[in-house]
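Enquirer: Here's a structure for you.
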(Lines of atoms letter the chains of each structure in order from A and count residues from 1; the text may use other names and numbers.)
(Lines give C-alpha, C1' and ligand atoms only; values in the text may rest on other atoms or scores of the structure.)
Protein backbone atom coordinates (compact mmCIF):
# COMPACT_ATOMS: atom_id res chain seq x y z
CA UNK A 1 0.00 0.00 0.00
CA UNK A 2 1.31 3.47 -0.91
CA UNK A 3 2.05 5.68 2.13
CA UNK A 4 -0.64 8.33 2.67
CA UNK A 5 1.66 11.34 2.27
CA UNK A 6 2.55 10.26 -1.30
CA UNK A 7 -1.05 10.11 -2.59
CA UNK A 8 -4.14 12.29 -2.58
CA UNK A 9 -6.29 12.37 0.54
CA UNK A 10 -9.18 10.74 -1.36
CA UNK A 11 -7.08 7.81 -2.56
CA UNK A 12 -5.63 7.39 0.91
CA UNK A 13 -9.11 7.37 2.44
CA UNK A 14 -10.26 4.83 -0.16
CA UNK A 15 -7.41 2.41 0.64
CA UNK A 16 -8.05 2.80 4.38
CA UNK A 17 -11.75 2.03 3.85
CA UNK A 18 -10.97 -1.04 1.77
CA UNK A 19 -8.57 -2.17 4.50
CA UNK A 20 -11.26 -1.76 7.16
CA UNK A 21 -13.82 -3.66 5.09
CA UNK A 22 -11.45 -6.57 4.48
CA UNK A 23 -10.60 -6.67 8.21
CA UNK A 24 -14.29 -6.80 9.14
CA UNK A 25 -14.85 -9.68 6.70
CA UNK A 26 -12.32 -11.71 8.71
CA UNK A 27 -15.01 -12.15 11.37
CA UNK A 28 -16.12 -15.75 11.47
CA UNK A 29 -19.75 -16.56 10.61
CA UNK A 30 -20.25 -17.32 14.34
CA UNK A 31 -19.04 -13.83 15.33
CA UNK A 32 -21.23 -12.22 12.66
CA UNK A 33 -24.26 -14.14 13.97
CA UNK A 34 -23.44 -13.17 17.57
CA UNK A 35 -23.19 -9.54 16.55
CA UNK A 36 -26.47 -9.69 14.63
CA UNK A 37 -28.25 -11.42 17.53
CA UNK A 38 -26.94 -8.86 20.03
CA UNK A 39 -28.06 -6.04 17.78
CA UNK A 40 -31.51 -7.60 17.43
CA UNK A 41 -31.81 -8.10 21.19
CA UNK A 42 -30.70 -4.51 21.91
CA UNK A 43 -33.32 -3.23 19.48
CA UNK A 44 -36.08 -5.24 21.17
CA UNK A 45 -34.98 -4.15 24.65
CA UNK A 46 -35.14 -0.51 23.49
CA UNK A 47 -38.67 -1.11 22.19
CA UNK A 48 -39.75 -2.57 25.52
CA UNK A 49 -38.23 0.34 27.47
CA UNK A 50 -40.25 2.72 25.28
CA UNK A 51 -43.43 0.67 25.90
CA UNK A 52 -42.88 0.76 29.68
CA UNK A 53 -42.15 4.50 29.68
CA UNK A 54 -45.29 5.12 27.66
CA UNK A 55 -47.35 2.99 30.06
CA UNK A 56 -45.84 4.83 33.04
CA UNK A 57 -46.74 8.17 31.46
CA UNK A 58 -50.34 7.06 30.80
CA UNK A 59 -50.83 5.82 34.38
CA UNK A 60 -49.19 8.84 35.96
CA UNK A 61 -51.36 11.37 34.15
CA UNK A 62 -54.68 9.54 33.80
CA UNK A 63 -57.26 9.19 36.59
CA UNK A 64 -57.39 5.60 37.79
CA UNK A 65 -60.40 3.61 36.57
CA UNK A 66 -61.18 -0.12 36.76
CA UNK A 67 -61.14 -0.47 32.95
CA UNK A 68 -57.73 1.23 32.79
CA UNK A 69 -56.37 -1.15 35.41
CA UNK A 70 -57.65 -4.08 33.37
CA UNK A 71 -55.95 -2.69 30.26
CA UNK A 72 -52.72 -2.20 32.20
CA UNK A 73 -52.74 -5.81 33.44
CA UNK A 74 -53.37 -7.08 29.93
CA UNK A 75 -50.63 -4.89 28.42
CA UNK A 76 -48.16 -5.91 31.11
CA UNK A 77 -48.86 -9.62 30.60
CA UNK A 78 -48.58 -9.25 26.83
CA UNK A 79 -45.31 -7.29 27.08
CA UNK A 80 -43.86 -9.81 29.54
CA UNK A 81 -44.68 -12.73 27.22
CA UNK A 82 -43.35 -10.77 24.25
CA UNK A 83 -40.03 -10.12 26.03
CA UNK A 84 -39.63 -13.81 26.89
CA UNK A 85 -40.31 -14.74 23.28
CA UNK A 86 -37.52 -12.43 22.10
CA UNK A 87 -35.05 -13.63 24.73
CA UNK A 88 -35.83 -17.20 23.65
CA UNK A 89 -35.32 -16.20 20.01
CA UNK A 90 -31.96 -14.64 20.90
CA UNK A 91 -30.81 -17.82 22.67
CA UNK A 92 -31.90 -19.96 19.72
CA UNK A 93 -30.13 -17.61 17.35
CA UNK A 94 -26.87 -17.52 19.31
CA UNK A 95 -26.65 -21.21 20.28
CA UNK A 96 -28.47 -23.41 17.76
CA UNK A 97 -26.98 -21.74 14.68
CA UNK A 98 -23.35 -22.19 15.72
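Residue numbers (our numbering): 362 to 459.
Ideal placement from N, C-alpha and C gives every residue a C-beta, glycine not left out.
#1: Between which residues of its own chain and residue 404 is the CB-CB distance below 8 Å, once the five residues before and five after are set aside?
#2: Does DSSP put residue 401 in a helix, in a strand, or in coil?
#3: Where residue 414 and residue 407 are concerned, what is the direct C-alpha to C-alpha distance, given to the nearest angstrom?
#4: May I ask you to report which of helix, strand or coil DSSP gives residue 421?
#5: Roughly how many whole angstroms lie between the Cα atoms of residue 416 and residue 398?
Expert: Here's the rundown:
#1: Start at 1 with the first residue of the chain shown, and residue 404 comes out as number 43. Scanning its chain for C-beta atoms nearer than 8 Å, with the 5 sequence neighbours on each side dropped, one finds no residue around residue 404.
#2: Locating residue 401 in the chain shown gives position 40, counting from the first residue. Taken through DSSP and simplified to helix, strand or coil, residue 401 comes out as helix.
#3: As a first step, residue 414 is located in the chain shown; it is residue number 53 there, counting from the start. As a first step, residue 407 is located in the chain shown; it is residue number 46 there, counting from the start. One C-alpha to the other measures close to 11 Å.
#4: Against the chain shown, residue 421 aligns to sequence position 60. DSSP places residue 421 in helix when its eight states are reduced to three.
#5: Along the chain shown, one-based indexing puts residue 416 at 55. Along the chain shown, one-based indexing puts residue 398 at 37. Distance from the CA atom of residue 416 to the CA atom of residue 398, rounded to whole angstroms, is 27 Å.
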